[in-house]
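*Asks:* I'd like to ask you about the structure that follows.
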Amino acid sequence: MTVLRTMDVQTLARRLEVGAVTLVDVRERHEHASEWIAGALSWPLSRIGQAPPALPAAGDLVFHCKSGMRTDAHGARLAAHARGNGFVLVGGIEAWKRAGMAVERGVANASASGKSGGVMSAIVRLFGSRGES
Numbered sequence: 105m106t107v108l109r110t111m112d113v114q115t116l117a118r119r120l121e122v123g124a125v126t127l128v129d130v131r132e133r134h135e136h137a138s139e140w141i142a143g144a145l146s147w148p149l150s151r152i153g154q155a156p157p158a159l160p161a162a163g164d165l166v167f168h169c170k171s172g173m174r175t176d177a178h179g180a181r182l183a184a185h186a187r188g189n190g191f192v193l194v195g196g197i198e199a200w201k202r203a204g205m206a207v208e209r210g211v212a213n214a215s216a217s218g219k220s221g222g223v224m225s226a227i228v229r230l231f232g233s234r235g236e237s
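Mapping the sequence shown onto the working numbering, position 72 (from 1) lands on 176, and the numbers just tick up by one.
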């Protein structure tokens, strides 16, 4: 059985840059949709028993959640899917952000943060409000 080891943010960033690792986000889909690390595959813990996303046949996998608690708690389940070495990102996506690393953001997150007026505001900006001629 593969045992998950830990990987820090700086090591993950270097390994992602050269394509030496596959990153798997185990947060629920709505969490992943609001913000994610570029290139991360979404495979929520609630779906781990189902078919995985297209994982490479070989190579290292790094699993992450928000803070590292879920990946730590479910390490054995996750390790069973690692064909090469398996890792957990220490501190999860929160540690990634604290280190100043970029995340991609979805509409749900932009709306919640107040940076955008949300989907409806974008539609109104594109097409005008009702009653305009």
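C-beta: ideal position from N, C-alpha, C; glycine also.
Apart from the five residues just before and just after Ala212, which ones in its own chain have a Cβ nearer than 8 Å to its Cβ?
*Replies:* Residue placement at Ala212 is poorly supported in this model, since its pLDDT is 44, which falls under 50; the coordinates still yield a value, given next. Counting only Cβ-Cβ distances below 8 Å, and skipping sequence neighbours, we find His134, Ala137, Ser138.
*Asks:* Which residues in the same chain as Ala124 place their Cβ atom closer than 6 Å to its Cβ, once the five residues preceding and following it in sequence are excluded?
*Replies:* Nothing listed; no residue qualifies.
*Asks:* Note down the Cα distance separating Trp140 from Arg187, rounded to an integer number of angstroms.
*Replies:* Answer to the nearest angstrom: the Cα atoms are 23 Å apart.
*Asks:* Hey, quick one: how far does the beta strand (DSSP E) through Leu165 stretch, first residue to last?
*Replies:* Start and end: 165–168.
*Asks:* In or out: Ala203 buried (at least 16 other Cβ within 10 Å) or exposed?
*Replies:* Answer is exposed; the Cβ neighbour count stays below 16.
*Asks:* Going along the chain, which residues of its own chain have a beta-carbon closer than 8 Å to the beta-carbon of His185, five neighbours each way excluded?
*Replies:* Correct list, in chain order: Ile152, Pro156, Leu159, Leu165.
*Asks:* Since Leu116 is in the beta strand (DSSP E), which residue starts that stretch and which ends it?
*Replies:* Note, Leu116: premise wrong, no beta strand (DSSP E); alpha helix (DSSP H) at 113–121.
*Asks:* What are the boundary residues of the beta strand (DSSP E) that includes Leu159?
*Replies:* That residue, Leu159, is in no beta strand (DSSP E); it is neither H nor E in DSSP.
*Asks:* Measuring straight from C-alpha to C-alpha, what distance separates Ala216 and Gly210?
*Replies:* With a pLDDT of only 33 at Ala216, under the threshold of 50, the placement of this residue in the model should not be trusted; the figure read from the coordinates follows. Distance between the alpha carbons of Ala216 and Gly210: 10 Å.
*Asks:* By a C-beta neighbour count over all protein chains shown, 10 Å radius and 16 as the cutoff for buried, is Met173 buried or exposed?
*Replies:* Exposed.
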